[in-house]
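> Questions regarding the structure given below will be posed in turn.
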Amino acid sequence: MIVNEAQTSQPVRSRIKTAWLVLGILLVAANLRAAITGLGPLVEAIRADTDLSNAITGMLTALPLFAFAALSPIAPKIAQRIGMEKTLFASLIVLTLGILMRSYPTVLTLFIGTFIIGLAIAIGNVLLPGLIKRDFAGHVGAMTGAYSVSMNIFGALASGISVPLSVGAGLGWRGSLASWAVLGGLAILCWLPQLRARHTSYASAAGGSIWRSALAWQVTLFMGLQSWLFYINATWLPEILHQRGMNVAEAGWMLSAMQFVSLPTSFIVPILAAHRASQRGIVIVTVLFHLIGYLGLLSGNTSLVWVWIICIGIAVGSSISLALAFFGLRTRSAQQASELSGMAQSIGYLLAAFGPISFGFFHDLTQAWAVPLMTLVIVSVLLLAVGLGAGRSGYVTSSRTEGPS
-7 MIVNEAQTSQ PVRSRIKTAW LVLGILLVAA NLRAAITGLG PLVEAIRADT
43 DLSNAITGML TALPLFAFAA LSPIAPKIAQ RIGMEKTLFA SLIVLTLGIL
93 MRSYPTVLTL FIGTFIIGLA IAIGNVLLPG LIKRDFAGHV GAMTGAYSVS
143 MNIFGALASG ISVPLSVGAG LGWRGSLASW AVLGGLAILC WLPQLRARHT
193 SYASAAGGSI WRSALAWQVT LFMGLQSWLF YINATWLPEI LHQRGMNVAE
243 AGWMLSAMQF VSLPTSFIVP ILAAHRASQR GIVIVTVLFH LIGYLGLLSG
293 NTSLVWVWII CIGIAVGSSI SLALAFFGLR TRSAQQASEL SGMAQSIGYL
343 LAAFGPISFG FFHDLTQAWA VPLMTLVIVS VLLLAVGLGA GRSGYVTSSR
393 TEGPS
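This is the structure in structure tokens:
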């Protein structure tokens, strides 16, 4: 009887540890967007309160993306030295402190805090795919889908409730921004049990740098181009719809609708991808939805705007979750997955930072939306080209010749 109890207690403890780890991953993921997407709806209030110019205020949305680009390649090296769990825990503490610093009543701390938030989020962005590759090797698709959904739900929620918290709850824009420290605190508490985990420090993948891998560059460009499209949508879609006759509130809800439509595909696509050696078919369908959405907006047909928004939502949800899934599907180890994630997110978010700027430049140059929207069509075609390469069966190596799956 004693033997039976001992034998049954082990699986129970294992299930509890796994449940805590899954909950921790979901809460870390929840913090990867909320502190950033909650800022956009408050930009007008921040500008009015601080007397900053439009250009300087616009830097607030670009600062985290530049932080992502700067720290993403370094994050795997930090984790290699002190461990994934401790690195993620430290990033959650830094994130929470950055959120509080951003809410302190000076312009300097507003910008410093925003940059610190970007640095902290970069750690989670890069390391979560490697953690999933290591601890859920048989369920990469499902876990990638789950954390993508958590990230997107809280990102959409933050953009939706920031103004109500500021105005309706009387917190002001500083209080509204500071409120997301609560989510960071919850993630810190939930991650504490992971600090007891014992994992041997993984060595760098044999064979040299993945920066020499053609497949790694295709995954990187897929990540970058889909990020380019997403951040242009997030920045400019409400303005396009407003100038075509929608009121500001309706245009804002369209952006929220796009993000909520993306949730099902964010979860489903990684699962489908994990059950296929090649993901080229998924890439083709994803890009098709991008093209339908952007060509629809380009046509100027406002009676079918919901159709275009739904198509774009499906496309952006599929794109980001497939890009994240590639980090695990195209690599052989947790370390390699983190290195590919760092490479792809560094270049990807650097591209994303310039996407909205270039879109606005073409609008200023032409005083119309046709040319800027046509650039989205062109980038979608480029996304197809690199996606067909990234989606082929194989693993990244340090050479131009990629390993078979």
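Sequence positions in the sequence shown follow our numbering and run -7 to 397.
Don't be surprised by glycine CBs; every beta carbon is placed ideally from N, CA and C.
(1) Looking at the secondary structure, which residues open and close the alpha helix (DSSP H) in which Q210 lies?
(2) If you follow the alpha helix (DSSP H) that A138 is in, where does it begin and where does it stop?
(3) Check this for me: beta carbons of A170 and I109, under 8 Å apart or not?
(4) Reducing DSSP to helix, strand and coil, say where Y387 ends up.
(5) Sorted by chain position, which residues of the same chain lie with C-beta nearer than 7 Å to D127's C-beta, five sequence neighbours on each side aside?
(6) Roughly how many angstroms lie between the CA atoms of P97 and R268, to the nearest whole one?
(7) Can you tell me whether G133 is buried or exposed, with buried defined as 16 or more other CB within 10 angstroms of its CB?
(8) Give me the Cα-Cα distance between V373 and L283, rounded to the nearest whole angstrom.
(9) Cutting at 7 Å between CB atoms, please list the residues of its own chain near I224, excluding the five before and the five after it.
(10) If you draw a straight line from the alpha carbon of S45 to that of G32, how long is it in whole angstroms?
(11) What do you get for T88, buried or exposed, if any count of 16 or more other CB atoms within 10 angstroms of its CB means buried?
(12) Output the distance between the C-alpha atoms of S258 and R236, rounded to the nearest integer angstrom.
(13) Grab me the residues of V308's own chain with a C-beta within less than 6 Å of its C-beta, minus the 5 sequence neighbours each way, in chain order.
(14) Tell whether a beta-carbon distance below 8 Å holds between A382 and L207.
(15) Thinking C-alpha only, which one of M135, Q218, G75 and I28 is nearest A11?
(16) For T42, which residues of its own chain have a beta-carbon under 7 Å away from its beta-carbon, when the five flanking residues on both sides are left out?
(17) Whose C-beta lies closer than 6 Å to the C-beta of T29 among residues of the same chain, with five residues either side of it excluded?
(18) Can you find the residues in the same chain that come closer than 8 Å, C-beta to C-beta, to A377, ignoring five residues on each side of it along the sequence?
(19) Might you give, ordered along the chain, the residues of its own chain that have their beta carbon closer than 6 Å to the beta carbon of P230, omitting 5 neighbours on each side?
(20) If you count every other CB in all the chains shown that lies within 10 Å of the CB of T358, and 16 or more means buried, which is it?
(21) Hey, how far is the Cα of R7 from the Cα of N23?
(22) Spatial neighbours of F354 within its chain, please: CB distance less than 7 Å, with the 5 preceding and 5 following residues excluded, ordered by chain position.
(23) Along the chain, where does the alpha helix (DSSP H) containing R94 start, and where does it finish?
(24) Going by beta-carbon coordinates alone, are Q327 and Q72 separated by less than 8 Å?
(25) Could you compute how far the alpha carbon of G285 sits from the alpha carbon of M335?
(26) Counting Cβ pairs closer than 8 Å, one from the stretch 174 to 191 and one from the stretch 75 to 85, do we hit at least three?
(27) Quick one: Cα of V211 to Cα of L163, how far?
(28) Secondary structure at H282, three-state DSSP: helix, strand or coil?
(29) Pull up the distance between the alpha-carbon of L187 and that of F281, whole angstroms please.
(30) Suppose contacts are defined by Cβ-Cβ distances below 8 Å. Is C182 in contact with G16 by that definition?
(31) Please report how far the alpha carbon of G386 lies from the alpha carbon of Q271, in whole angstroms.
(32) How far does the alpha helix (DSSP H) with P348 in it extend, from its first residue to its last?
(33) Does the beta-carbon of A189 have 16 or more other beta-carbons within 10 angstroms, so that it is buried, or is it exposed?
(34) Hey, would you say G340 sits closer than 8 Å to I124, going by beta carbons?
(35) So for Q251, helix, strand or coil by DSSP?
Taking the structure as given:
(1) Residue numbering aside, residue 210 sits at position 218 when the sequence shown is read from its first letter. Run containing Q210: A206 to Q235, per the alpha helix (DSSP H) assignment.
(2) Your numbering for residue 138 matches position 146 in the sequence shown. Element bounds for A138: V132 to V155.
(3) One-based indexing of the sequence shown puts residue 170 at position 178. One-based indexing of the sequence shown puts residue 109 at position 117. No, the Cβ-Cβ distance between A170 and I109 is not below 8 Å.
(4) Here residue 387 is taken as the residue at index 395 of the sequence shown, counted from 1. In this structure, Y387 counts as strand in the three-state DSSP scheme.
(5) As a working mapping, residue 127 is identified with position 135 in the sequence shown. L13, listed in sequence order.
(6) Taking the sequence shown and counting its residues from 1, the one referred to as residue 97 is at position 105. Taking the sequence shown and counting its residues from 1, the one referred to as residue 268 is at position 276. So the two alpha carbons sit approximately 52 Å from each other.
(7) Sequence index remark: in the sequence shown, residue 133 carries index 141 (1-based). Flag for G133 reads buried.
(8) For the purposes of this step, residue 373 is taken as residue 381 along the sequence shown, with counting starting at 1. For the purposes of this step, residue 283 is taken as residue 291 along the sequence shown, with counting starting at 1. Cα-Cα distance, rounded: 8 Å.
(9) Within the sequence shown, residue 224 is the residue found at index 232, counting from 1. Hits under 7 Å: G347, P348, F351 and L368.
(10) As a working mapping, residue 45 is identified with position 53 in the sequence shown. As a working mapping, residue 32 is identified with position 40 in the sequence shown. Inter-residue distance for S45 and G32 is about 15 Å (C-alpha atoms, whole angstroms).
(11) For the purposes of this step, residue 88 is taken as residue 96 along the sequence shown, with counting starting at 1. Of the other Cβ atoms in all chains shown, 16 or more fall within 10 Å of the Cβ of T88; this residue is therefore buried.
(12) Sequence index remark: in the sequence shown, residue 258 carries index 266 (1-based). Sequence index remark: in the sequence shown, residue 236 carries index 244 (1-based). S258 and R236 have their C-alpha atoms roughly 29 Å apart.
(13) Counting from 1 along the sequence shown, the entry for residue 308 is found at position 316. Around V308: F222 and S254.
(14) For this step, residue 382 is matched to residue 390 along the sequence shown. For this step, residue 207 is matched to residue 215 along the sequence shown. Yes, Cβ-Cβ distance for A382 and L207 is below 8 Å.
(15) Along the sequence shown, read from residue 1 onward, the residue named residue 11 stands at position 19. Cα-wise, what sits closest to A11 is M135.
(16) Numbered from 1 along the sequence shown, position 50 holds the residue referred to as residue 42. V99.
(17) On the sequence shown, position 37 is the one that residue 29 refers to. G147, A150 and S151, listed in sequence order.
(18) By one-based count along the sequence shown, residue 377 stands at place 385. For A377, where only same-chain residues beyond five positions count, there are no Cβ hits under 8 Å.
(19) The residue you call residue 230 lines up with position 238 of the sequence shown. If we look at P230 and ignore the five residues flanking it on each side, its Cβ neighbours are A243, G244 and L247.
(20) On the sequence shown, residue 358 is found 366 positions in, with the first residue counted as 1. Flag for T358 reads exposed.
(21) Residue numbering aside, residue 7 sits at position 15 when the sequence shown is read from its first letter. Residue numbering aside, residue 23 sits at position 31 when the sequence shown is read from its first letter. Each residue's alpha carbon lies about 25 Å from the other.
(22) Translated into the one-based positions of the sequence shown, residue 354 becomes position 362. The beta carbon of F354 is closer than 7 Å to those of V363, P364 and T367 in its chain, skipping five residues each way along the sequence.
(23) By one-based count along the sequence shown, residue 94 stands at place 102. Its alpha helix (DSSP H) spans residues M76 to R94.
(24) Start at 1 with the first residue of the sequence shown, and residue 327 comes out as number 335. Start at 1 with the first residue of the sequence shown, and residue 72 comes out as number 80. With contacts defined as CB atoms closer than 8 Å, Q327 and Q72 qualify as a contacting pair.
(25) The sequence position of residue 285 within the sequence shown is 293, counting from 1. The sequence position of residue 335 within the sequence shown is 343, counting from 1. Looking at the two C-alpha atoms, the distance is approximately 29 Å.
(26) The stretch 174 to 191, when compared against the stretch 75 to 85, does touch it at the 8 Å Cβ threshold.
(27) Working through the sequence shown from its first residue, we reach residue 211 at position 219. Working through the sequence shown from its first residue, we reach residue 163 at position 171. V211 and L163: Cα-Cα distance of roughly 42 Å.
(28) Position 290 of the sequence shown, counted from the start, is the residue given in the question as residue 282. Of the three classes helix, strand and coil, the one that applies to H282 here is helix, per DSSP.
(29) Mapped onto the sequence shown, residue 187 falls at position 195. Mapped onto the sequence shown, residue 281 falls at position 289. Approximately 42 Å between the Cα atoms of the pair.
(30) Here residue 182 is taken as the residue at index 190 of the sequence shown, counted from 1. Here residue 16 is taken as the residue at index 24 of the sequence shown, counted from 1. For C182 and G16, yes; Cβs fall inside 8 Å.
(31) For the purposes of this step, residue 386 is taken as residue 394 along the sequence shown, with counting starting at 1. For the purposes of this step, residue 271 is taken as residue 279 along the sequence shown, with counting starting at 1. When rounded, the distance between both Cα atoms is 11 Å.
(32) As a position in the sequence shown, residue 348 is number 356, starting the count at 1. DSSP places P348 inside the alpha helix (DSSP H), whose first and last residues are A326 to T358.
(33) Within the sequence shown, the letter at position 197 stands for residue 189. Around the beta-carbon of A189, fewer than 16 other beta-carbon atoms lie within 10 Å, marking it exposed.
(34) Position 348 of the sequence shown, counting from 1, holds the residue named residue 340. Position 132 of the sequence shown, counting from 1, holds the residue named residue 124. Their beta carbons are not under 8 Å apart, which means G340 does not touch I124 by this criterion.
(35) Against the sequence shown, residue 251 aligns to sequence position 259. If DSSP states are grouped into helix, strand and coil, Q251 belongs with the helices.
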